[in-house]
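Asker:
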Amino acid sequence: MAAGGKKALISKNGTVQFYLDIQELMKLYQAYLGKNKSWLFKKAPRRSDLRVYEAVFHFNLYAYLDEFLRPRKGRVIPEFPTGNGKIDLIIHYGDKTYGIELKSFTDRAGYLEALDKAAQYGKQLQLAEIYLVTFVEGIDEKTRETYEADFHHPQTQVKVKPIILQTGPV
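Residues 0 to 169 in numbering that gives the first Met the number 0 are what the sequence shown spells out, letter by letter.
1) Can you tell me whether DSSP reads Pro70 as helix, strand or coil?
2) Can you list, in chain order, the residues of its chain whose CB lies under 6 Å from that of Phe56, leaving out five sequence neighbours each side?
3) Quick one: Cα of Gln22 to Cα of Phe150, how far?
4) In the DSSP output, what is Lys165 paired with across the bridge?
5) Roughly how many whole angstroms lie between the Cα atoms of Met0 and Tyr110?
6) Which of the three DSSP states is assigned to Arg107 in this structure?
7) Are there 16 or more other CB atoms within 10 angstroms of the CB of Ser47, so buried, or fewer, so exposed?
8) Please report how far the alpha carbon of Phe40 lies from the alpha carbon of Glu78, in whole angstroms.
9) Count Cβ pairs between the stretch 152 to 166 and the stretch 24 to 36 that sit closer than 8 Å; are there 3 or more?
10) If we ignore side chains and look at the alpha-carbon of each, how far apart do Thr105 and Tyr18 end up?
11) Which term fits Leu64, buried or exposed, when burial requires 16 or more other beta carbons within 10 angstroms of its beta carbon?
12) Measure the CB-CB distance between Val157 and Ala118 and report whether it falls below 8 Å.
13) Sorted by chain position, which residues of the same chain lie with C-beta nearer than 6 Å to Glu92's C-beta, five sequence neighbours on each side aside?
14) Please classify Gly33: does DSSP put it in a helix, a strand, or coil?
15) Based on the DSSP secondary-structure assignment, which residues constitute the bridge partners of Phe150?
16) Within this structure, are the beta carbons of Asp87 and Glu100 separated by less than 8 Å?
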């Protein structure tokens, strides 16, 4: 694997094409959060239950990805319209497009709804796979394994690849 969440793929004609490993890129972001969240979200706007608003995490991840990808000729587009809603982030890197739907975890029903929504966005964008990044205050490894299992949406045939990002203490 090349540094920084991208991989090299050598095609049949011998050319090297780089593509992003979104899951590895999110691991880098998780490490960044772990190192910096004490000051990153110290003055962030909060809901009545004192949790940071979902939009704060969205913007922070967008800014991180944009700063990471811009020097590598990648492009991050926030709030991309898809027809009946908007996917949160579209990444263009090389000749590939990646879709990322972002959610804050509320409960299992909301998570299942987010999986369905992400698959619908993937279909509208004509992507075979799409990522659902879910922000959660805390999570144990067994629960993480359950929620990060790939989901093959039967109606759209889109593979949703969930990623959990922990925002609270590790």
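All C-beta atoms, glycine included, are put in the ideal place defined by N, C-alpha and C.
Answerer: By the coordinates alone:
1) In this structure, Pro70 counts as helix in the three-state DSSP scheme.
2) These residues qualify, in order along the chain: Phe134.
3) Phe150 has its alpha-carbon roughly 15 Å from the corresponding atom of Gln22.
4) Inspection of the sequence shows that residue 165 is occupied by Gln rather than by Lys. Paired residues: Val135.
5) With a pLDDT of 39 at Met0, under the threshold of 50, the predicted position of this residue should be treated as unreliable, though the coordinate-derived value follows. Going from the Cα of Met0 to the Cα of Tyr110 covers about 31 Å.
6) The DSSP-derived three-state label of Arg107 is helix.
7) Exposed, since its Cβ has fewer than 16 Cβ neighbours within 10 Å.
8) Cα to Cα, Phe40 sits roughly 22 Å from Glu78.
9) Flag = yes, the stretch 152 to 166 and the stretch 24 to 36 touch.
10) Roughly 32 Å between the two C-alpha positions.
11) So Leu64 counts as buried.
12) Taking 8 Å as the cut-off, the beta carbon of Val157 is found closer than this to the beta carbon of Ala118.
13) Sequence check: residue 92 is Tyr here, not Glu. The residues are Leu19, Gly73.
14) Looking at Gly33 - three-state DSSP - the assignment turns out to be helix.
15) DSSP, once it has assigned bridges, lists Val159 as partnering Phe150.
16) Going by C-beta atoms, Asp87 is nearer than 8 Å to Glu100.
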